[in-house]
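Colleague: Here it is: the structure, laid out below.
In structure tokens form, the structure reads like this:
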């Protein structure tokens, strides 16, 4: 459990008012909580909850796909994916994130994920694993949002 | 040329001494220069020059590959790749990077790349396109280094 708490103590902290030294651990706790929200929204295939985690100018970089630029384009993409998955159910979505670094209102972490999706009509379930690199930003309302997300597939089993 | 100069003016700049307001544009210029170094080192398949651009605790996230954690592991990986490509020549490597954001000594950008590799023995050339998400950090020596890199394949031609 230690290795995800890799904290980059930022230079400008020395210029912050007294009491602000707790800001970085708070940020890490907030991001851990953000990750649980991301995990839950994905597992429930809840498009609205997922979109709520994105910044307005967020960028999603998915394999074999043009860069998806901005929340409106991400909404369209998610909506198309959900339509193509009609009747499917995500029976598992687990995410583990590592090496959170925080610099003022920006943060980064990388994650591994494991998903199992069941389809209607007896089609075989999809059991996939991948990893993600995330760049987050704390918005004016204080909540962390996804600014950049990239995904690629995990190593083959036993690889 | 405008869209890569998306600058996040960081909150702690207000606490910086007079004259430091030029720090963010300087950082962007430095990162543009860093990108040219990255492009040249990759095109020349120059492992030493490539490794020099990595932070000691850098993390490389490649498709179908376990996360590569730390510069020593990245050196081993690059060395293995170069050995497997013996006699090959990268005749093209072009990279375009977008949306540089800077927060103190951390930065992020995403890039597209196009590479053409020629092999000995008349094997057909590899012509591939991908995209990258990079998280950079300015080290104590003032130079930007790669802290996190993820890559995945571009959309299919015409896609």
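Protein chains in written order, with my numbering: chain A, -7 to 151; chain B, -7 to 151. Ideal Cβ positions, reconstructed from N, Cα and C, are used throughout, including at glycine. Computed from a predicted structure; not experimentally measured.
1. To which residues of the same chain is residue 86 of chain A closer than 6 Å at the C-beta, ignoring the five residues directly before and after it?
2. Name the residue from B:75, B:88, B:26, B:120 whose alpha carbon lies nearest to the alpha carbon of residue 44 of chain B.
3. Going by DSSP, what residue range makes up the alpha helix (DSSP H) through residue 111 of chain A?
4. In chain order, what residues of the same chain have a beta carbon less than 7 Å from the beta carbon of residue 101 of chain A, not counting five sequence neighbours either side?
5. Can you give me the start and stop residues for the alpha helix (DSSP H) that residue 45 of chain B sits inside?
6. Taking C-beta pairs closer than 7 Å, name the residues in chain A that residue 63 of chain B reaches, listed in chain order.
7. According to DSSP, residue 28 of chain A sits in a beta bridge with which residue or residues?
8. Answer yes if the region 72 to 85 of chain A comes into contact with the region 47 to 54 of chain A, meaning at least three C-beta pairs across the two stretches below 8 Å, and no otherwise.
9. Should the region 69 to 80 of chain B be called in touch with the region 121 to 140 of chain A, which here means at least 3 C-beta pairs below 8 Å?
10. Please list the terminal residues of the continuous beta strand (DSSP E) segment that includes residue 84 of chain A.
11. Apart from the five residues on each side of it in sequence, which residues of its chain come closer than 7 Å, Cβ to Cβ, to residue 152 of chain B?
12. Could you please give the first and the last residue of the uninterrupted alpha helix (DSSP H) stretch that includes residue 37 of chain A?
13. Sort out for me which residues DSSP pairs residue 132 of chain A with in a bridge.
14. If we count the other Cβ atoms within 10 Å of its Cβ and call it buried at 16 or more, is residue 118 of chain B buried or exposed?
15. Given a threshold of 16 other Cβ atoms within 10 Å of its Cβ, counted over all protein chains shown, does residue 140 of chain B qualify as buried or as exposed?
16. Note down the Cα distance separating residue 99 of chain B from residue 111 of chain B, rounded to an integer number of angstroms.
17. What span of residues does the alpha helix (DSSP H) with residue 63 of chain B cover, start to end?
18. Of all the options B:70, B:64, B:143, which has the alpha carbon lying nearest to the alpha carbon of residue 122 of chain B?
19. Give the DSSP-derived three-state secondary structure of residue 139 of chain B in the structure shown.
20. Taking its Cβ as the centre, do 16 or more other Cβ atoms sit within 10 Å of residue 42 of chain A, making it buried, or is it exposed?
21. Please check if any C-beta of chain A sits within less than 8 Å of the C-beta of residue 128 of chain B.
22. Please tell me whether residue 20 of chain B has its Cβ less than 8 Å away from any Cβ of chain A.
23. Under 9 Å, CB to CB, which of the residues in the region 135 to 148 of chain B have a partner in chain A?
24. Please report how far the alpha carbon of residue 46 of chain A lies from the alpha carbon of residue 114 of chain B, in whole angstroms.
25. Would residue 56 of chain A count as contacting chain B if we go by Cβ distances under 8 Å?
26. Have a look at residue 59 of chain A and residue 49 of chain A and give me their C-alpha separation to the nearest angstrom.
27. Mark residue 96 of chain B as exposed unless 16 or more other C-beta atoms lie within 10 angstroms of its C-beta, in which case mark it buried.
28. How would you call residue 19 of chain B, buried or exposed, if buried means at least 16 neighbouring beta carbons within 10 angstroms?
29. Is it buried or exposed for residue 63 of chain B, if we count other Cβ within 10 angstroms and need 16 for buried?
30. May I have the straight-line CA-CA distance separating residue 3 of chain B from residue 94 of chain B, to the nearest angstrom?
Modeller: Once the coordinates are examined:
1. As a position in the first chain, residue 86 of chain A is number 94, starting the count at 1. Taken in chain order, the residues that qualify are 106.
2. The residue given as residue 44 of chain B occupies position 52 in the second chain. For residue 44 of chain B, the nearest C-alpha among the options comes from B:26.
3. Counting from 1 along the first chain, the entry for residue 111 of chain A is found at position 119. Counting along the chain, residue 111 of chain A falls outside any alpha helix (DSSP H), and DSSP gives it neither H nor E.
4. The residue you call residue 101 of chain A lines up with position 109 of the first chain. Excluding residues within five positions, the ones whose Cβ falls inside 7 Å are 23, 89, 90, 91, 92, 126.
5. As a first step, residue 45 of chain B is located in the second chain; it is residue number 53 there, counting from the start. Unbroken run through residue 45 of chain B: none, as it is neither H nor E.
6. Locating residue 63 of chain B in the second chain gives position 71, where the first residue counts as 1. Simply none; closest approach about 15 Å.
7. Taking the first chain and counting its residues from 1, one reaches residue 28 of chain A at position 36. Its beta-bridge partners do not exist; DSSP assigns none.
8. no
9. no
10. On the first chain, position 92 is the one that residue 84 of chain A refers to. Unbroken beta strand (DSSP E) run through residue 84 of chain A: 81 to 95.
11. Since the displayed chain B opens at -7 and closes at 151, residue 152 of chain B lies outside it and no answer follows.
12. Stepping through the first chain from its first residue, residue 37 of chain A is reached at position 45. Note, residue 37 of chain A: premise wrong, no alpha helix (DSSP H); not H, not E.
13. Numbered from its first residue, the first chain carries residue 132 of chain A at position 140. Paired residues: none, contrary to the question.
14. Locating residue 118 of chain B in the second chain gives position 126, where the first residue counts as 1. By the 10 Å Cβ count, residue 118 of chain B comes out exposed.
15. By 1-based counting over the second chain, the position of residue 140 of chain B is 148. Buried: at least 16 other Cβ atoms inside 10 Å.
16. One-based indexing of the second chain puts residue 99 of chain B at position 107. One-based indexing of the second chain puts residue 111 of chain B at position 119. Cα to Cα, residue 99 of chain B sits roughly 36 Å from residue 111 of chain B.
17. The residue you call residue 63 of chain B lines up with position 71 of the second chain. Taken as a continuous stretch (DSSP letters only), the alpha helix (DSSP H) holding residue 63 of chain B covers 63 to 76.
18. Within the second chain, residue 122 of chain B is the residue found at index 130, counting from 1. Considering only alpha carbons, the answer is B:143.
19. Residue mapping note: residue 139 of chain B aligns to position 147 of the second chain, counting from 1. In this structure, residue 139 of chain B counts as strand in the three-state DSSP scheme.
20. As a working note, residue 42 of chain A is residue 50 in the first chain. Buried, because 16 or more other Cβ atoms sit within 10 Å of the Cβ of residue 42 of chain A.
21. Translated into positions along the second chain, residue 128 of chain B becomes position 136. Output row for residue 128 of chain B: interface = no.
22. Translated into the one-based positions of the second chain, residue 20 of chain B becomes position 28. No - not a single Cβ of chain A is within 8 Å of the one on residue 20 of chain B.
23. 139, 140, 141, 142, 143, 144, 145, 146, 147, 148
24. Numbered from its first residue, the first chain carries residue 46 of chain A at position 54. Numbered from its first residue, the second chain carries residue 114 of chain B at position 122. Looking at the two C-alpha atoms, the distance is approximately 48 Å.
25. To locate residue 56 of chain A, count along the first chain from 1; it is residue 64. Cβ-Cβ to chain B under 8 Å: yes for residue 56 of chain A.
26. For the purposes of this step, residue 59 of chain A is identified with residue 67 of the first chain, where counting begins at 1. For the purposes of this step, residue 49 of chain A is identified with residue 57 of the first chain, where counting begins at 1. So the alpha carbons of these two residues sit roughly 12 Å apart.
27. As a working note, residue 96 of chain B is residue 104 in the second chain. Residue 96 of chain B comes out buried.
28. In the second chain, the residue the question calls residue 19 of chain B occupies position 27. Counting Cβ neighbours within 10 Å, residue 19 of chain B comes out buried, since at least 16 surround it.
29. Here residue 63 of chain B refers to the residue found at position 71 when the second chain is read from its first residue. Buried, since its Cβ has 16 or more Cβ neighbours within 10 Å.
30. Looking up residue 3 of chain B in the second chain gives position 11. Looking up residue 94 of chain B in the second chain gives position 102. In this predicted model, residue 3 of chain B has a pLDDT of only 27, less than 50, meaning its place in the structure is not dependable enough to derive any value.
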